[in-house]
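Peer 1: Input: one structure, supplied below.
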Amino acid sequence: MSMLIDILEDEIISDYKDITNIENDENCKPEQRIDNLLNGESKNTENGEDINITLEMGNNKTRENVKKVNQILREKGKSYLGHRQPAEQSRTFQDTQRSESKIGPSFHVYTDLPIRPTAIQPVVFPRLFKERLPIKNTKFDHLQQLKPVIPSDCWTFYDNLPHSDK
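For the sequence shown, the positions run 1 to 166 when UniProt numbering is used.
Okay, here's the thing in structure tokens:
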């Protein structure tokens, strides 16, 4: 995964270097710069409206010029500086329901990661006791002291609790 991020970062940095090289070229006129940045793309949007772009001269205007070019490319649906395309896994094995393996993407671009089927774990129930587990004598004495607080119907339950010295 980190290799994929490194590749994406390298592509973004190389795109940025291309744009800054064109922007910093002092021999080009502003009209030539915008044409070089768009690589022969028309400056019209899909609606047929012209986009008026004037590039400001000076070193501190490079950011605004890049933003204008990005706006044109974004309106046309093209990739622009800072645009990241989703990763597409192309060399993975995909398991079908018939347990056949075929080479191809294991998931679509806009879906979650696949859920791998796992073996059903056997259920282990706790052991059952036929008799009540004995409680400590200190706990039994404490429950006997609570007799005045609880109803008299419950006294036999507390009297019959098994207790031991453990």
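Note that the Cβ used here is the ideal one computed from N, Cα and C, for glycine as well. Predicted model only: the values in this text are computed from it and were never measured.
In terms of DSSP beta bridges, what is Ser-164 paired with?
Peer 2: DSSP, once it has assigned bridges, lists Lys-136 as partnering Ser-164.
Peer 1: Which of helix, strand or coil does DSSP assign to Gly-40?
Peer 2: Note on Gly-40: pLDDT 48, under 50, position unreliable in the model; the coordinate value appears next. Three-state DSSP puts Gly-40 in coil, outside helix and strand.
Peer 1: Rounded to the nearest angstrom, how far is the Cβ of Leu-137 from that of Asp-159, given a contact under 8 Å?
Peer 2: One point to set straight first is that residue 137 is Asn, not Leu, in the sequence displayed. About 14 Å; that fails the 8 Å criterion.
Peer 1: If you draw a straight line from the C-alpha of Gln-145 to the C-alpha of Phe-125, how long is it?
Peer 2: Taking the straight line from one Cα to the other gives about 36 Å.
Peer 1: Classify residue 177 as helix, strand or coil using the three-state DSSP reduction.
Peer 2: It is not possible to answer for residue 177, since the shown part of the chain is limited to 1 through 166.
Peer 1: Quick check: what's the CA-CA separation for Leu-133 versus Lys-147?
Peer 2: Each residue's alpha carbon lies about 21 Å from the other.
Peer 1: Give the DSSP-derived three-state secondary structure of Leu-128 in the structure shown.
Peer 2: Looking at Leu-128 - three-state DSSP - the assignment turns out to be coil, as it is neither helix nor strand.
Peer 1: Using only the alpha-carbon positions, how far apart do Glu-75 and Val-66 sit?
Peer 2: Near 14 Å, if we compare the C-alpha coordinates of Val-66 and Glu-75.
Peer 1: In its own chain, which residues sit with a C-beta less than 6 Å from the C-beta of Leu-143, not counting the 5 before and 5 after it?
Peer 2: Correct list, in chain order: Tyr-158.
Peer 1: What is the residue span of the alpha helix (DSSP H) that Lys-76 lies within?
Peer 2: Taken as a continuous stretch (DSSP letters only), Lys-76 belongs to no alpha helix (DSSP H), as it is neither H nor E.
Peer 1: At the level of alpha carbons, what is the spacing between Phe-140 and Ile-120?
Peer 2: Looking at the two C-alpha atoms, the distance is approximately 43 Å.
Peer 1: To the nearest angstrom, report how far apart Asp-153 and Leu-161 are at their CA atoms.
Peer 2: Roughly 15 Å between the two C-alpha positions.
Peer 1: Indicate the three-state DSSP secondary structure (helix, strand or coil) for Val-123 in the structure shown.
Peer 2: Reduced to three states, the DSSP call for Val-123 is coil.
Peer 1: Consult DSSP for Glu-64 and reduce its assignment to one of helix, strand or coil.
Peer 2: DSSP places Glu-64 in helix when its eight states are reduced to three.
Peer 1: State the DSSP-derived secondary structure class of Thr-156, mapped to helix, strand or coil.
Peer 2: Three-state DSSP puts Thr-156 in a helix.
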